[in-house]
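J.:
Residue numbers (this note's numbering), protein chains in the order written: chain A, 1 to 445; chain B, 1001 to 1445.
So, in structure tokens, the structure goes:
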């Protein structure tokens, strides 16, 4: 029997160091396995707070932690900075950029990327928010728009520069829209001389009939009210039909409208990362419409009990209901489950199918404003906000930046300041904010 | 007389938001002038700590502060995000990218950039350390080298990957070399599985016969000893003759040597920013060998009493001795002096020529290791280190990030951790670390 092996010889390869991969690796700190974690980045990113990087509250490193640091004490675990190109499930090998690696068990946790629904030309105009680079680009766009408005004399262009359109009313879109409104109304107030930043308009576009569609309807109402109190214009039932460098076109039912705006931000769709398609091709696994892999009750791939998919890349049919959402708690629990499943199998023990324990969902709108859905209890306002803060600090403990982030937050809370509103990386050609350009040679001026 | 003007109508234009420009702007908070600060960046950078960004201790935002935030309360002051292309001293106008601006007094504070002594091809191989982007690129290079070494099987290539050559034994070079040695010997120890990071070699190259040439000779000896205790190889009297992607060639007297190294970092030469040449051409001002403008005793430009040069861009003959060094305290004092000079002139009062008050120099080598030269007193070791920390925190107070930086430092001191060791921006084409590449599409893997 292949499961009975000498101690530590069972090699588990984990592809992806996000919440799913990392929780799997942490739970595999066990003498019966050796583990290799492969990621293209050398750090784990706490994605739920990425919108705070995009809006200048915290720095990338405040919500990131080096993978080697997190896993340093797991002596059975190696971290490999590499990219997976292909896999051969028959011979149990994955193909990396520079080498080929054998596995006994494989955990795929490569997540999702943006999806522009067939309009990939919008990608450069309306950046999404998945990576640190995305967030820095978004940050540059937002603050450059205010700078360009300060220098603009034409009132129409100035208004368009001060109009921010956020596409997608899920948690990320709501958090972004709220944070930009707070920037304009509070943080930047008084910083400019020619413009009144409180005149900036933030428009949140959602295709369905309410924001935060996964939440209970009454919380969607609360979130909309809170956004509107912050000055955000919420447009539900509106589909984006075109995005250019100077406008966003939308359709509401029969009506169409063109919103002059120089800053469109994408928080709408996601699709599975490339590994989903590779898995489907090599194992015959079925993909859903978003390219996610439809997995077995134990999160393995059909016909391959040694290949698991966890996190956003997995479509886990949730007791006949919709698949589990692509959020951190799902990925964490799936990662831990698969680790346990592998260890049990090595010990010739069984494990019940994966079952997600839903401890609730939350989304933050602004300072003192959040919505929390615990299932048995739903509420919004300052208490929800404190719970949101608490939960995020609690999970950041895992990533050793808690102290710094807490200080930063406390500081920002007291001063309503955002120290991280740097416009950087402008010399990066096409990624440069459109209104402000800089060349490396003269960056000192 | 042009000096007698109605209140607030005298327009002072400051080009550059570094220490010189910022201290001038702060000191010009006075009803008799209106001020415009022009910078290509929207933030002031606390350059003395930039090496800590390059070595993963702090984030760019921790040592930066938005110019609009710093100057927000100066209601007579505008900040303009723009680039100065030219000036016409006769008609008192400067040419910006998008407009032309008139001034009554002009303060040029555009600083210096790297100088490769005619070997500009080294620029891409051996990055310098002047901007946030420089520091992030250096950070990526350093941590990518360790990652590449971990995956390298050829022992010679692995050794070259673990060899870091710092060119230039001034304060920046000493600080960089010390910080990289601490990284290798302490922070990263235990993070890798295939390499022993303590085997990394850090080589500091200095052309003169001692490190920290501007300091007293006994402190140079102390600094060299401290560096060697950290494991740094100090090579004085050595000139770099060539740098390639895989080696650094040096010449010591008659001997030549090629050091296999994949990571060369440049801390050697600086030259004046482009505005020095523009000033020379337009005003006839004389430049020194480094392109700095030789200024009058009141820091104005010969023949143009309304144009001042401060900071690294100025060559101020120091009582018949060498020109003042390009350090923050000189720039701060020059900026404040020129502001005072302008206000006095408007009030028809005189002001004695500029005189630099030297409160001493310091350079840090590592934890508990620094050298301090107060003139009347010279010392090194833990006390010098605490003084260095104290002085830097004191000046950071100006830039409102003190609390965060203090926490970060305290945290790092206790844990010997460096949370900011992210490798980011890899998709940036030619700026990518050579050993690790990544494309945006698959950045999640």
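Heads up, the beta-carbon is just placed ideally off N, CA and C, and yes, glycines get one too.
Rounded to a whole number of angstroms, what is the C-alpha to C-alpha distance between residue 1006(B) and residue 1293(B)?
T.: Taking the second chain and counting its residues from 1, the one referred to as residue 1006(B) is at position 6. Taking the second chain and counting its residues from 1, the one referred to as residue 1293(B) is at position 293. The predicted position of residue 1006(B) is uncertain, since its pLDDT is 45 and thus under 50; a value taken from the coordinates is nonetheless stated next. For residue 1006(B) and residue 1293(B), the distance between alpha carbons rounds to 32 Å.
J.: In chain B, which residues lie less than 7 Å from residue 424(A) when you measure between Cβ atoms?
T.: Start at 1 with the first residue of the first chain, and residue 424(A) comes out as number 424. Within 7 Å Cβ-Cβ: 1060, 1132, 1133.
J.: Which residues in chain A sit within 8 Å of residue 1348(B), going by Cβ to Cβ distance?
T.: As a position in the second chain, residue 1348(B) is number 348, starting the count at 1. The contacting residues do not exist; residue 1348(B) stays about 29 Å from chain A at best.
J.: Taking the CB atoms as reference points, tell me whether residue 1338(B) and residue 1315(B) lie closer together than 8 Å.
T.: Residue numbering aside, residue 1338(B) sits at position 338 when the second chain is read from its first letter. Residue numbering aside, residue 1315(B) sits at position 315 when the second chain is read from its first letter. Contact: no.
J.: Exposed or buried, residue 1245(B), counting other C-beta atoms within 10 Å across all chains shown (16 or more means buried)?
T.: The residue given as residue 1245(B) occupies position 245 in the second chain. Result: exposed.
J.: Would you please verify whether the beta carbon of residue 1523(B) is less than 8 Å from any beta carbon of chain A?
T.: Residue 1523(B) cannot be examined here, being either before or after the span of chain B that is shown, 1001 to 1445.
J.: Give the single residue among 1208(B), 1340(B), 1395(B), 1334(B) whose Cα lies nearest to the Cα of residue 1355(B).
T.: Indexing the second chain from 1 puts residue 1355(B) at position 355. Considering only alpha carbons, the answer is 1334(B).
J.: Is residue 143(A) helix, strand or coil when you go by DSSP?
T.: For the purposes of this step, residue 143(A) is taken as residue 143 along the first chain, with counting starting at 1. Helix.
J.: Rounded to the nearest angstrom, what separates residue 61(A) and residue 1198(B) at their Cα positions?
T.: The residue labelled residue 61(A) in the question sits at position 61 within the first chain. The residue labelled residue 1198(B) in the question sits at position 198 within the second chain. Near 24 Å, if we compare the C-alpha coordinates of residue 1198(B) and residue 61(A).
J.: Anything in the region 68-84 of chain A with a Cβ closer than 9 Å to a Cβ of chain B? List those residues in chain order, please.
T.: Per Cβ criterion, the list reads 68, 69, 71, 72, 73, 75, 77, 78, 79, 80, 81, 82, 83, 84.
J.: Looking at C-beta atoms only, is the number of pairs between the region 94-101 of chain A and the region 67-85 of chain A that lie closer than 8 Å three or more?
T.: Verdict: yes, contact present.
J.: Nearest-angstrom Cα distance between residue 422(A) and residue 306(A)?
T.: Along the first chain, one-based indexing puts residue 422(A) at 422. Along the first chain, one-based indexing puts residue 306(A) at 306. Going from the Cα of residue 422(A) to the Cα of residue 306(A) covers about 46 Å.
J.: Can you tell which of 290(A), 269(A), 300(A) has the C-alpha that lies nearest to the C-alpha of residue 283(A)?
T.: Here residue 283(A) refers to the residue found at position 283 of the first chain. Cα-wise, what sits closest to residue 283(A) is 300(A).
J.: In whole angstroms, give me the CA-to-CA distance for residue 1077(B) and residue 1038(B).
T.: Start at 1 with the first residue of the second chain, and residue 1077(B) comes out as number 77. Start at 1 with the first residue of the second chain, and residue 1038(B) comes out as number 38. For residue 1077(B) and residue 1038(B), the distance between alpha carbons rounds to 11 Å.
J.: Take the Cβ of residue 42(A) as the centre, count every other Cβ of all protein chains shown within 10 Å, and call the residue buried at 16 or more, exposed below.
T.: Reading the first chain from its first residue, position 42 is the one you call residue 42(A). It is buried - the Cβ of residue 42(A) has at least 16 other Cβ atoms within 10 Å.
J.: One question on the structure: do residue 1174(B) and residue 1221(B) come within less than 8 Å of each other, judged by their Cβ atoms?
T.: Residue 1174(B) sits at position 174 when you count from the first residue of the second chain. Residue 1221(B) sits at position 221 when you count from the first residue of the second chain. No; because the gap between Cβ atoms is not below 8 Å, this pair is not in contact.
J.: For the candidate residues 1110(B), 1033(B), 1097(B), whose alpha-carbon lies nearest to that of residue 978(B)?
T.: With chain B covering only 1001 through 1445, there is no way to say anything about residue 978(B).
J.: Residues of chain B with a CB under 9 Å from the CB of residue 380(A): which are they?
T.: Start at 1 with the first residue of the first chain, and residue 380(A) comes out as number 380. Simply none; closest approach about 30 Å.
J.: From this set, 1094(B), 1328(B), 1023(B), 1114(B), which residue's C-alpha is nearest residue 1106(B)'s C-alpha?
T.: Taking the second chain and counting its residues from 1, the one referred to as residue 1106(B) is at position 106. Answer by Cα proximity: 1094(B).
J.: Could you list which residues in chain A have their beta carbon closer than 7 Å to that of residue 1064(B), in chain order?
T.: Here residue 1064(B) refers to the residue found at position 64 when the second chain is read from its first residue. Per Cβ cutoff of 7 Å: 422.
J.: Going by the DSSP bridge assignment, what does residue 1377(B) pair with across the sheet?
T.: For the purposes of this step, residue 1377(B) is identified with residue 377 of the second chain, where counting begins at 1. According to DSSP, which records beta bridges pairwise, residue 1377(B) is partnered with nothing at all.
J.: Mind checking residue 1386(B): buried by the 16 CB within 10 Å criterion, or exposed?
T.: Position 386 of the second chain, counting from 1, holds the residue named residue 1386(B). Residue 1386(B) comes out exposed.
J.: Give the single residue among 266(A), 309(A), 251(A) whose Cα lies nearest to the Cα of residue 108(A).
T.: For the purposes of this step, residue 108(A) is identified with residue 108 of the first chain, where counting begins at 1. Out of 266(A), 309(A), 251(A), 309(A) has the C-alpha closest to the C-alpha of residue 108(A).
J.: Count the C-beta pairs between the region 1285-1292 of chain B and the region 1216-1236 of chain B that are closer than 8 Å, then say yes if the count reaches three, no if not.
T.: No, the region 1285-1292 of chain B does not touch the region 1216-1236 of chain B.
J.: Identify the contact partners of residue 143(A) in chain B, using a Cβ-Cβ distance below 8 Å as the criterion.
T.: Within the first chain, the letter at position 143 stands for residue 143(A). Within 8 Å Cβ-Cβ: 1042.
J.: Does residue 1019(B) pass the burial test, meaning 16 or more other C-beta atoms within 10 Å, or should it be called exposed?
T.: Translated into the one-based positions of the second chain, residue 1019(B) becomes position 19. With 16 or more Cβ atoms within 10 Å of its Cβ, residue 1019(B) is classed as buried.
J.: Nearest to residue 1312(B) by CA position, among 1271(B), 1297(B), 1285(B), 1349(B), is which residue?
T.: The count along the second chain starts at 1 and reaches residue 1312(B) at position 312. Comparing Cα positions, the closest option is 1271(B).
J.: Count the other CB atoms, across all protein chains shown, that sit within 10 Å of the CB of residue 1377(B); report buried if there are 16 or more and exposed otherwise.
T.: As a position in the second chain, residue 1377(B) is number 377, starting the count at 1. Burial call: exposed.
J.: Please classify residue 390(A): is it buried, with 16 or more other beta-carbons within 10 angstroms of its beta-carbon, or exposed?
T.: Numbered from 1 along the first chain, position 390 holds the residue referred to as residue 390(A). Result: exposed.
J.: So residue 1098(B) contacts chain A; which residues on that side make the cut at Cβ distance below 9 Å?
T.: Position 98 of the second chain, counting from 1, holds the residue named residue 1098(B). Residues of chain A passing the Cβ test: 151.
J.: For residue 147(A) and chain B, any beta-carbon pair shorter than 8 Å?
T.: Stepping through the first chain from its first residue, residue 147(A) is reached at position 147. Taking Cβ atoms only, chain B reaches closer than 8 Å to residue 147(A), which makes this a yes.
J.: Check residue 15(A) in the structure and name its three-state DSSP category.
T.: As a first step, residue 15(A) is located in the first chain; it is residue number 15 there, counting from the start. Strand at residue 15(A).
J.: Let me check one thing: in DSSP terms, what residues is residue 1315(B) bridge-paired to?
T.: Looking up residue 1315(B) in the second chain gives position 315. Per DSSP, 1294(B).
J.: With distances taken Cα to Cα, identify the nearest neighbour of residue 1374(B) among 1273(B), 1232(B), 1215(B).
T.: Position 374 of the second chain, counted from the start, is the residue given in the question as residue 1374(B). Considering only alpha carbons, the answer is 1215(B).
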